[in-house]
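These protein sequence lines map, in sequence, to chains A and B. Heads up: the first sequence begins at 15 in our numbering, then just goes up one per residue. Heads up: the second sequence begins at 79 in our numbering, then just goes up one per residue. The C-beta atom is built at its ideal place from N, Cα and C for all residues, glycine as well.
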Amino acid sequence: MEHRLRRSWLLTPASSPEKLAAAIKSAADVAVLDLVEFVVERCKPAAREHMSAAVRVVEAAGKEAYAQVDAQLLYADLHASVWPGLAGVVISRAETTEQIKEADQVLTHLEAERGLLPGTVRIVVACETARGNHAAYELATASRRVWGLTLGRADLIMDLRPEPSTEIHMMQYLMQRLITIAGAVGATPLGAWWRAPDRGLLATPDNTLQAARRGRAIGFRGALCVREDQVSSLNQGFTPSPDEEHAATRLLAAYDTATIAGNAVLRQDDRLFDRGTARCARSLLDLAAACKPPLAMSS
Amino acid sequence: MTLLIRRSNLLVPATDAAALHEAWRSNADAITLDLEDGVAPARKAEARALVRPALAQAKPGRTEVFVRVNKPLLHADLAASVWGGLHGIMLAQAESAQDVLQADAALGELERERGISIGSIQIIVLIESPRAVWDIRSIISASARVTQAGLDESDLAASMRINPLPEYDPFIYARGRLVVEATAAGVLPVGMAYPLGLQASLMPAEELNRMANNARNSGMKGVVCPHASWVEPVNRAFTPTDELVAYNRRVRELFAAGVAAGTAAVPLDGRMIDVPVDEWAKVVIATAEACAVRDEEKRRAMGA
């Protein structure tokens, strides 16, 4: 089991040193150096030039560096991004297994050429289009490097509009399908359960916290965001709350006592529970422990 | 085609004598003796030895009897369970078609050895991992023995490391997939509405009935009940009411009259009856009749 937390992934334009400086000061677990969303066509060559320095800056700040690359511009974007210290790439608007395989090959080549350990640069597949979602399982299994899956900005790209309830049409289906696929292949599902009017992830810190809490409740483990003030909301939302921890501790204690006594179906107040519920409680406590800062643990 | 009526399936730890006693007195369509999650690891052997005496207590026609088996202890559990009076097994942790085929083959051997009609022991598959949700089609169609399929939602949540909250249903997709794939394969999907399927609890019968109605309205054909108090509200939810049956008989009569008069669209109380409405009426009436047959069978068995 891997213990590094990746709850908040802050997208930052690779072309802006000021933005980058702000990003590394934030509490983001991962800085995603973007070559796609925030970089207009004519600025791409300059942004690519910045990448090797940016990767070094992020790594020096003790964060993980990812690059967000365009599935249609893999060769140029990957050549710009793969430098020692790069942890992985988010492949935006991925649609075909050929793209993932091509990325895998280019990564293998660049790792060898630039002195990175072979096979270490990971892939997060962003299924942002209908085709990408339709092929999500195939994309997730197209390379051993695929570590994570996300819907990216599918709401915008697929033009999914809000329902009167503020839920976004189709998103519950798409989120849960992707989370299921991620679970089936052993990848990490990234995302939050956003509601309108937070389109384009322009959510207030509080709405971001709620989106992260909802997201964690359906299986997401972390999410991408675009503003520094959303970072701590994601970190908090993807960390079990003290109340949840307390409830899980209480439930597990009751379960363990009962199991020792030879029973395996438990009743606590009006709730009935069995091994599955106990396993859920245990995984919540594992996550809570992993989220505690090391200092707090030793004090 | 006869409809399989198995509205309530009451899950009871094989080691819990009091719960089992209560289960026999309940009106459950089926009882499943649990050897799996409901039994502590140290008591598995003891639980196994209790299955055959329990099967002997069952009144034929009253409730069907199933046994929930441990996948890692499949052969021992099946050997302890496949005796006269067993209707089927509940196969927990069904991960692949291979798992179902293994159980199928082992059941076949035991049926042959023990003089039980070959192929008669049914399988209810429980899906507990995202891999199995994704591969559900091959799992439920692996054997003709599979008659029902459901999600074990608490184990599924655990295997996905989900920290569920009651307000946010994490299994809209998984349950939808179950209903579509099972129905397409001629297998009955079973499950309770969220959050009760994931976090079972005791609540007033009317509340349970409302939740069971929600489950039925989303395509489920029955519920695996963790407690005897669930049985009555669940049976009620999956039995068409007299009013609904009367209404649908009227639908059928009016539609037949309309067709005889040369139209295939007939108004009734502000609604338009056409072919799909008539088809649905047939399903409601057939379900009600099959429930009545099952209930009469249970009453007779009680009297016997």
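8 Å Cβ cutoff met for residue i and residue j
i, j, result
"residue 224 of chain B", "residue 203 of chain B", "yes"
"residue 163 of chain A", "residue 100 of chain A", "no"
"residue 132 of chain B", "residue 309 of chain B", "no"
"residue 248 of chain A", "residue 21 of chain A", "yes"
"residue 87 of chain B", "residue 300 of chain B", "yes"
"residue 276 of chain A", "residue 96 of chain B", "no"
"residue 174 of chain A", "residue 141 of chain A", "no"
"residue 88 of chain A", "residue 113 of chain A", "yes"
"residue 125 of chain A", "residue 139 of chain A", "no"
"residue 267 of chain B", "residue 228 of chain B", "yes"
"residue 199 of chain B", "residue 166 of chain B", "yes"
"residue 84 of chain B", "residue 114 of chain B", "no"
"residue 251 of chain B", "residue 187 of chain A", "yes"
"residue 129 of chain B", "residue 92 of chain B", "yes"
"residue 210 of chain B", "residue 178 of chain B", "no"
"residue 305 of chain A", "residue 253 of chain A", "yes"
Element boundaries [beta strand (DSSP E), containing residue i]
i, result
"residue 96 of chain B", "It is not in any beta strand (DSSP E) - residue 96 of chain B instead sits in the alpha helix (DSSP H) that spans 95-103."
"residue 284 of chain A", "Where residue 284 of chain A is concerned, there is no enclosing beta strand (DSSP E), given that its DSSP letter is neither H nor E."
"residue 135 of chain A", "Here residue 135 of chain A belongs to no beta strand (DSSP E), and DSSP marks it neither H nor E."
"residue 349 of chain B", "349-351"
"residue 168 of chain B", "166-169"
"residue 45 of chain A", "44-48"
"residue 174 of chain A", "First-last for residue 174 of chain A: undefined, no H or E at that position."
"residue 144 of chain B", "142-147"
"residue 102 of chain A", "100-106"
"residue 237 of chain A", "237-239"
"residue 202 of chain A", "202-204"
"residue 22 of chain A", "22-27"
Own chain partners of residue i with C-beta closer than 8 Å, once the 5 adjacent residues on each side are dropped
i, result
"residue 313 of chain A", "For residue 313 of chain A, the predicted structure reports a pLDDT of 39, less than 50, and the residue's modelled location is therefore unreliable. A value from the coordinates is still provided. No residues qualify anywhere along the chain."
"residue 237 of chain B", "206, 207, 208"
"residue 184 of chain B", "152, 153, 156"
"residue 417 of chain B", "What is shown of chain B runs 79 to 382, which leaves residue 417 of chain B out entirely."
"residue 297 of chain A", "none"
"residue 277 of chain B", "232, 242, 244"
Cβ shell of residue i (< 7 Å), same chain only, five flanking positions each side left out
i, result
"residue 118 of chain A", "157, 159"
"residue 28 of chain A", "47, 48, 49, 53, 61, 64, 65, 68"
"residue 223 of chain A", "247, 250, 251"
"residue 202 of chain A", "161, 162, 196, 235"
"residue 102 of chain A", "80, 135, 136, 137, 138, 161"
"residue 310 of chain A", "Confidence in residue 310 of chain A is poor, its pLDDT being 46 and thus under 50, which makes the residue's placement unreliable; the coordinate value appears in the next sentence. Cβ within range, chain order: n/a, list empty."
Same chain, Cβ closer than 6 Å to residue i, neighbours up to 5 away in sequence not counted
i, result
"residue 318 of chain B", "362, 365, 366"
"residue 15 of chain A", "Residue placement at residue 15 of chain A cannot be trusted, given a pLDDT of 43 that sits under 50; what the coordinates show is reported in the next sentence. Cβ within range, chain order: n/a, list empty."
"residue 344 of chain B", "332, 333, 336, 351"
"residue 63 of chain B", "With chain B represented from 79 up to 382, any question about residue 63 of chain B goes unanswered, as that position is not in the structure."
"residue 44 of chain A", "20, 23, 78, 80"
"residue 207 of chain A", "225, 228, 229"
"residue 151 of chain A", "195"
First and last residue of the uninterrupted alpha helix (DSSP H) at residue i
i, result
"residue 133 of chain B", "122-135"
"residue 186 of chain A", "185-199"
"residue 278 of chain A", "Careful: residue 278 of chain A lies outside any alpha helix (DSSP H) and carries neither H nor E."
"residue 249 of chain A", "242-251"
"residue 217 of chain B", "214-218"
Bridge partners - residue i, DSSP secondary structure assignment
i, result
"residue 204 of chain B", "B:228"
"residue 345 of chain B", "B:350"
"residue 34 of chain B", "Outside the modelled stretch of chain B, which goes from 79 to 382, sits residue 34 of chain B, for which no answer is possible."
"residue 84 of chain A", "A:106"
"residue 246 of chain B", "B:243"
"residue 112 of chain B", "B:91, B:146"
"residue 78 of chain A", "A:44"
"residue 305 of chain A", "BP columns for residue 305 of chain A are empty, so no partner."
Taking a Cβ distance cut-off of 8 Å, strictly less, list which residues of the region 129-159 of chain A are near chain B, in chain order.
151
Listed from N- to C-terminal order along the chain, which residues in the region 180-213 of chain B have their beta-carbon within a distance smaller than 9 Å of any beta-carbon of chain A?
206, 207, 208, 209, 210, 211, 212, 213
Just by C-beta distance, which residues in the region 221-240 of chain B are closer than 8 Å to chain A?
Those residues of the region 221-240 of chain B that come within reach of chain A (Cβ to Cβ, closer than 8 Å) are 230, 231, 232, 233, 234, 235, 236, 237, 238, 239, 240.
Near-chain B residues of the region 265-292 of chain A (beta-carbon distance less than 9 Å), N- to C-terminal order
Contact residues of the region 265-292 of chain A toward chain B are 272, 273, 274, 275, 276, 277, 278, 279, 281, 283, 284, 285, 286, 287, 288, 289, 290, 291, 292 (C-beta to C-beta distance below 9 Å).
Under 8 Å (Cβ pairs) to chain A, residues found in the region 285-315 of chain B:
Under the 8 Å Cβ criterion, the region 285-315 of chain B contributes 304, 305.
Can you list, in chain order, the residues of the region 102-120 of chain B whose Cβ is nearer than 9 Å to any Cβ on chain A?
112, 114, 115, 116, 117, 118, 119, 120
Using Cβ-Cβ distances below 8 Å, what residues of the region 206-229 of chain A are close to chain B?
207, 227, 228
Contacting positions in the region 264-283 of chain B - beta carbon closer than 8 Å to chain A:
277, 278, 279, 280, 281
Could you run through the region 240-267 of chain A and flag, in chain order, every residue whose CB is less than 8 Å away from some CB of chain B?
Taking 8 Å as the cut-off between beta carbons, the residues of the region 240-267 of chain A near chain B are 254, 258, in sequence order.
Which of the residues in the region 84-110 of chain A, read from start to end, lie with their CB under 8 Å from any CB of chain B?
none
So if I threshold CB-CB distances at 7 Å, which residues from the region 154-176 of chain B count as touching chain A?
Cβ contacts with chain A come from no residue of the region 154-176 of chain B.
Interface residues of the region 32-56 of chain A facing chain B [CB-CB below 8 Å]:
none
For the region 179-192 of chain A, which residues have a CB atom closer than 7 Å to at least one CB atom of chain B, in sequence order?
Cβ contacts with chain B: 186, 187, 190, 191.
For the region 239-262 of chain B, enumerate the residues whose C-beta is nearer than 7 Å to any C-beta of chain A, in chain order.
239, 240, 241, 242, 243, 246, 248, 250, 251, 252
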